[in-house]
Each structure stands twice: as C-alpha cells, then as structure tokens.
Amino acid sequence: MDRRLLPPTPAFSVLLLLSSCLWQQLLLVSPFPSAGWDWIATLDRLDGSEFRQIAWPLVQISANAYRYPKQVAVEGWSVASQVLPLAPLHGGAHAVVYEEQAQAEEGRVHEGGAAAVTGKGKRVVLAFRGTDLSGDEGSIADMCADLILFGEDSRVVPMPTDCSKFSNETLDYFSQALNFTRKVIDAYPDSPLLLTGHSLGATLAILVSAALSDSCLLPVVAFSAGGPKNILSKHLLQLEADKQHKVFVISDEWDEVMRTSWKKQVGTFCYYETNIPVACEVCFWKKPLPPSKRHTSDDVKPFLMPKLFDKPLNSRSTFATSELEHFPQNVLLNSQFSSPINENIACLDCFFRTHYLKHVMGLVAAGTQPVCFHFQSLSAVEILKR
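Note that the sequence shown covers residues 670 to 1055 in this note's numbering.
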C-alpha cells in the first residue's frame, strides 16, 4: 500500500500556519515561563516531585484520549472550547485537546505546574490515542494502521484480510494526525501547543512534531512510544524539537515496546526503575526463578535482555489498552492477526503489565524520580557503566 502525507497545502493556508507557528515561537520565550513550554527542556533535571507535577496532567490527558467521550477531570485543565475531539466512528486516528483553565487573577503564573495564565498565553495540550483493544471496528482499524505505519515495507508484510474493509485514507493515521494538529494550531494561533499520547499515540505525536518542524517547534512529552526513527527516515523528516531537547518519552524500564524498538527510538528517554514482573521472568529465563536468585534492575538492565517476541512488536502491531481500570483478559489474538507472543499467556501478561497505560499512570503518580538520558548519546552498555 502506498502511504503518503497529505497533498501540499494551498499557499494561503501555509502562510496562515506559518504565522500562527511564528507567534507560538514568540510565546515560547515569554517572560512568564508557564505561559509557554520552553522550560520542558529542563524536564530531565527535575526531582521526582517536580517531574510528577509536569507529567501527571499529561498522562491523565493521554488517558482521556482512550476514555472519550467520557472524560475524567484534570486539575487546571479543561476540554478545548475552540475545537472538537478527533473521534471517527469507524476507524481512524483519535485525539483530544485540552486548554489551561483561566484563573481569576490576571497574569498569575506557576512555573512548570498546572496553574494557568489568563489571556493569550494559556497553553494547549493535544493527546493522540493509542491502539484500542475493544474489538470493535475501530479497534481493527487501529491494528491495521499499526501494521502499515510500523511495518518495514507494507508490500512484503502480508496484511490481514480484515484490513481490506478500510480505505487507504482511513488507515493513514499519520496524515490524519497531522491535519488535525494544523486545525488545532489554527483554532489556537496565540497559544503554545504541546503534543502527547501513549503507545501509537506517542509515536504520532513525535511524527507530527517532525512534520511541522519547518514552521513550528512543537514539544513532545509522551508515554511508551513505538520507535519512530524508521518512519522519520522514510518521510525524510527532521525532528527539530529534539535538537532543542524538547522531546521526552516516559515509560517503565521493562516496557516491551520500548525494549524491542530500542534502536528506533528518538528523543530523551525517562524510565522508572522497577523490578522485573514475575510473569516476565518466565519469558526471559523460560522458568520462574527462586526469590533468592531473582534479578532486579539493580544487577541487570532490560535493554540487554532477550526479547519476548520473535521480532520487534512495533513492526507488527503496537498494542495499548482502552481498559484502563483492569488488565484486559479478553484480548483477541485470533482472527487475521497473529499473536505477537506466540500465544504465550504469561508473556502477554508481562507485556500488558509493563506497557498498558494504567501502569504508567501509577508510576507517574508515585512521584519517583526517573532516570533520563538521550537515545543518541548513550548506548545500553554505557548505561550499565553509569
């Protein structure tokens, strides 16, 4: 299948987008730091409490991208008033938009936190949804879009027959996400925008930031991304926000999507150090280890461990879950989609326990300081020597 970006935008629209983005760049250097996102570059230098203050609203908004049309209140933020969510009924990219709530006191600022600034300086967050596993038609479209987006070459990777019911336009999530982001920028031309999302949504956030790099500098703080480096190369995209240290990916250090796409990741990785889940021990060492011999993150790092899957997950399907309140026991592994873990239920449990969004939300909420480093500056071996 031939996957292309959207056709060239008419000249007037390009000028409008450019002017909107240039105005956002002025806001990024505002004398009121919380009026923009410029300070995002310092995220990896914050302690656990400060890091939580930044990441907690963003992971909640990312969760609401799954929950739509239901929404859980996010302190200091409200659903966007100028643009409707992106929520096609029968397949396609999904996204929600939030804006800072106005404060009674004009000009009130709170650097790095959720307190809002009134007027033109209020910030906006756009969150893309990850792969839905509800099993409905939109869920099938998500998995087909995953295969197309992350596949090395869609001409040689056989597509499940379930995917034939969707048009090329329906499965082109990249173009949909890019077009919707332009719509948000037009709706909020004087508000600095940040992109976020989980899993597939995190990857879309990074790709959109890169696609708009020529006119906008859109920071990204996302969760458990599938590695986008090959996709960026395929479309000849440069991630300018990363060059200014404004692309962050947050996850559990044992997250299998992150682990299996290690060489395809970009930006700054902030991972929470955790013990290996017992289910994962079965996958790594074929049988459970006695408690006295269990390896933890103190003596082994996940980046050098054997993979749980025969090939990187994000070259087949990057799963997330819409079941935020519990581990989904009814995940469909039949139909036309091959199981990414050879139907090993223990490894499937391991995968969800490290990757699904509720787990990441718990790590962020705990307020522990994550370990951060830039993907291009350190190798896994160098991390072990730190």
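Even glycine gets a Cβ: it sits at the ideal position worked out from N, Cα and C. Model, not experiment: these values are computed from the prediction.
Classify Lys-912: buried if its beta carbon has 16 or more other beta carbons within 10 angstroms, exposed otherwise. When all chains shown are included, Lys-912 counts as exposed.
Mapping DSSP to helix, strand and coil, what is His-763? In the structure shown, the three-state DSSP call for His-763 is coil.
Give a yes or no on whether 9 Å exceeds the smallest Cβ distance from Lys-912 to chain C. In the structure shown, chain C does not exist; there is a single protein chain.
Extract the residue ranges of the alpha helix (DSSP H) inside the region 850-895, only unbroken runs of 4 or more that lie entirely within it. Counting only runs of 4+ residues, the alpha helix (DSSP H) found wholly inside the region 850-895 occupies 869-880, in chain order.
Nearest residue (CA-CA) to Tyr-857, options Val-794, Leu-802, Gly-936, Ile-945: The shortest Cα separation from Tyr-857 among Val-794, Leu-802, Gly-936, Ile-945 belongs to Val-794.
For Leu-901, the nearest candidate out of Asp-801, Pro-757, Ser-878 (CA to CA): Answer by Cα proximity: Ser-878.
Do Val-1033 and Ile-919 come within 9 Å of each other at the CB atom, strictly closer than that value? Closer than 9 Å, so yes.
Span separating the alpha-carbon of Tyr-842 from that of Gly-807: Distance between the alpha carbons of Tyr-842 and Gly-807 is about 12 Å.
Secondary structure of Cys-813, DSSP reduced to three states: Cys-813 carries a helical assignment under DSSP once its states are collapsed to helix, strand and coil.
On a Cα-Cα basis, can you pick out the residue from Ala-880, Gln-1038, Ala-796, Cys-939 that is closest to Ala-910? Answer by Cα proximity: Ala-880.
Taking the Cβ atom as the reference point for each residue, do Trp-662 and Gly-896 lie within a distance shorter than 9 Å? This structure gives no information on residue 662, because the portion of the chain shown stretches from 670 to 1055.
Helix, strand or coil for Asp-805 per DSSP? In this structure, Asp-805 counts as coil in the three-state DSSP scheme.
Checking 9 Å against the spacing of the C-beta atoms, do Ala-734 and Ala-810 come in under that value? Against a cut-off of 9 Å, the Cβ pair of Ala-810 and Ala-734 comes out as no contact.
For Leu-873, is the classification buried or exposed, using 16 other Cβ atoms within 10 angstroms of its Cβ as the cut-off for buried? Using a 10 angstroms sphere on the CB of Leu-873, the tally of other CB atoms reaches 16 or more, which defines it as buried.
Does DSSP classify Leu-921 as helix, strand or coil? Note on identity: in this sequence residue 921 is Asp, with Leu being the wrong assignment. Per DSSP, reduced to three states, the secondary structure at Asp-921 is strand.
Is it buried or exposed for Asp-979, if we count other Cβ within 10 angstroms and need 16 for buried? Bear in mind that a pLDDT of 38 at Asp-979, under 50, signals an unreliable position, so the number given afterwards is only what the model happens to contain. Counting every other CB atom within 10 Å of its CB across the protein chains shown gives Asp-979 a total below 16, marking it as exposed.
My guess is that His-867 and Ser-750 are in contact by the Cβ rule of under 8 Å, so how many angstroms apart are they, rounded? Not confirmed; about 24 Å, so no contact.
Output the distance between the C-alpha atoms of Trp-725 and Lys-834, rounded to the nearest integer angstrom. Each residue's Cα considered, the two are about 38 Å apart.
Return the residue from the list Phe-1044, Tyr-767, Pro-757, Asp-1018 that minimises the CA-CA distance to Lys-898. Checked all of Phe-1044, Tyr-767, Pro-757, Asp-1018; the closest Cα to Lys-898 is Phe-1044.
Given Arg-721 as reference, the closest of Val-1040, Tyr-737, His-759, Gly-1036 once Cα atoms are compared: When only C-alpha atoms are compared, the closest one is Gly-1036.
Buried or exposed for Gln-934, please, with buried defined as at least 16 other CB atoms from any protein chain shown within 10 angstroms of its CB. Its Cβ being crowded by 16 or more others within 10 Å, Gln-934 is buried.
Of all the options Asp-883, Ala-846, Ser-844, Leu-887, which has the alpha carbon lying nearest to the alpha carbon of Leu-862? Closest by alpha carbon: Leu-887.
What separation, rounded to the nearest whole angstrom, lies between the Cα atoms of Asp-805 and Leu-816? So the two alpha carbons sit approximately 17 Å from each other.
Can you give me the Cβ contacts of Gln-845 inside the same chain, cut-off strictly under 6 Å, excluding the 5 residues immediately before and after it? Within the same chain, and ignoring the five residues on either side of Gln-845 in sequence, the residues whose Cβ sits closer than 6 Å to its Cβ are Gly-761, Ala-762.
Less than 9 Å between the C-beta atoms of Phe-1042 and Asp-713, yes or no? Going by C-beta atoms, Phe-1042 is nearer than 9 Å to Asp-713.
How far does the beta strand (DSSP E) with Phe-720 in it reach, from first residue to last? Per DSSP, Phe-720 belongs to no beta strand (DSSP E); it is in the alpha helix (DSSP H), 717-736.
Using only the alpha-carbon positions, how far apart do Glu-744 and Asp-855 sit? Answer to the nearest angstrom: the Cα atoms are 25 Å apart.
What residues in its chain sit with their C-beta under 7 Å from that of Ser-747, if we drop five residues either side in the sequence? Cβ neighbours of Ser-747 beyond the five flanking positions: Tyr-767, Glu-768, Gln-770.
Extent of the continuous alpha helix (DSSP H) to which Thr-839 belongs: DSSP places Thr-839 in the uninterrupted alpha helix (DSSP H) bounded by 837-840.
Are the beta-carbon atoms belonging to Arg-792 and Gly-870 less than 9 Å from one another? Not in contact: Arg-792 and Gly-870 (Cβ atoms no closer than 9 Å).
Three-way DSSP call (helix, strand, coil) for Thr-937 in this model: Thr-937: strand per DSSP, three-state reduction.
With a 10 Å radius around its C-beta and 16 neighbouring C-beta atoms as the bar for buried, classify Glu-922 as buried or exposed. Burial of Glu-922 is indicated by the presence of at least 16 other C-beta atoms within 10 angstroms of its C-beta.
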